[in-house]
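Using the working numbering, the letters of the sequence shown correspond one by one to residues 15 to 219. Ideal Cβ positions, reconstructed from N, Cα and C, are used throughout, including at glycine. Keep in mind the model is a prediction, meaning the values are calculated, not measured.
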Amino acid sequence: TLTEDADRALLAAELETLLEPVGATVQFREDDDSYRIITEDPEGDQQFYNVFAVAIFGGAVFAAFNLTTRMVEAQRREIGIAMAMGYPTWIIAARPLLVGLQIALLGVVFGLGVGVLIGNAMGGLVQDVQSLPVFETPFQFQIFLWVGLGGVAVPLIAISYPVIRAVRVAPIDAIKPTHLAARGTALAPFVRRLPIPGDTFARLP
15 TLTEDADRAL LAAELETLLE PVGATVQFRE DDDSYRIITE DPEGDQQFYN VFAVAIFGGA
75 VFAAFNLTTR MVEAQRREIG IAMAMGYPTW IIAARPLLVG LQIALLGVVF GLGVGVLIGN
135 AMGGLVQDVQ SLPVFETPFQ FQIFLWVGLG GVAVPLIAIS YPVIRAVRVA PIDAIKPTHL
195 AARGTALAPF VRRLPIPGDT FARLP
């Protein structure tokens, strides 16, 4: 341990000269890879991990929303027939909502399993890179609990939107064939007037 006004370079040179017969190299603490990796930018590393996790979670939510929307759209005529026969709305909506709950629960279970596997693999990689004598990597129950609850809630919210939209239309509209029931957006009439060159295949994108 050196005082604040000590000359580290001079001390290192004197030590190397003193220990020259046995062959020694003086290394400062910040020159050690483990110390540098741990102390230089742990906050930046944590931000990178957070962004990476949020990106994966967002992709999973988008995939769940896409899947459930297509599922409800595929059952649009069945929903319309059930409404025309007088079934209560909550009974009609219960089936796709239960499927969405099943998707959410299975996604959380498999997601937690994959998360534990990736965490263990990353822990082994960090231990190989950072040669520290002691590593503590406890299972983070609180983080996994909150992410698991979010993983269940978000797909349910995602499937609720197409289900509510499906049961709110008139039964006759729900029974119509897809090409007659499809409704364009407000931009469709405007885009239709644009003089886009090429054939249909070129205009598709």
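Close-in-space but distant-in-sequence residues of the same chain around residue i (CB under 6 Å, 5 per side omitted)
i          : result
residue 94 : 185, 188 and 189
Local Cβ density within 10 Å of residue i, reported as buried at 16 or more and exposed below that
i           : result
residue 82  : buried
residue 123 : exposed
residue 108 : exposed
residue 136 : exposed
residue 37  : exposed
residue 117 : buried
Residue i, DSSP secondary structure in three states
i           : result
residue 99  : coil
residue 183 : coil
residue 212 : coil
residue 81  : helix
residue 142 : helix
residue 60  : helix
residue 148 : coil
residue 135 : helix
residue 90  : helix
Contacts around residue i, its chain only, beta-carbon distance under 8 Å, and the 5 residues preceding and following it disregarded
i           : result
residue 144 : 47, 48, 51 and 52
Cutoff 7 Å; reference residue i; Cβ partners in own chain excluding five residues on either side
i          : result
residue 26 : 40
Exercise. For the segment 168 to 186 against the segment 87 to 102, are there 3 or more C-beta pairs whose distance is under 8 Å?
Worked result: yes
Exercise. Touching or not, the segment 153 to 170 and the segment 64 to 82, by the rule of three or more beta carbon pairs under 8 Å?
Worked result: Yes: at least three Cβ pairs fall under 8 Å.
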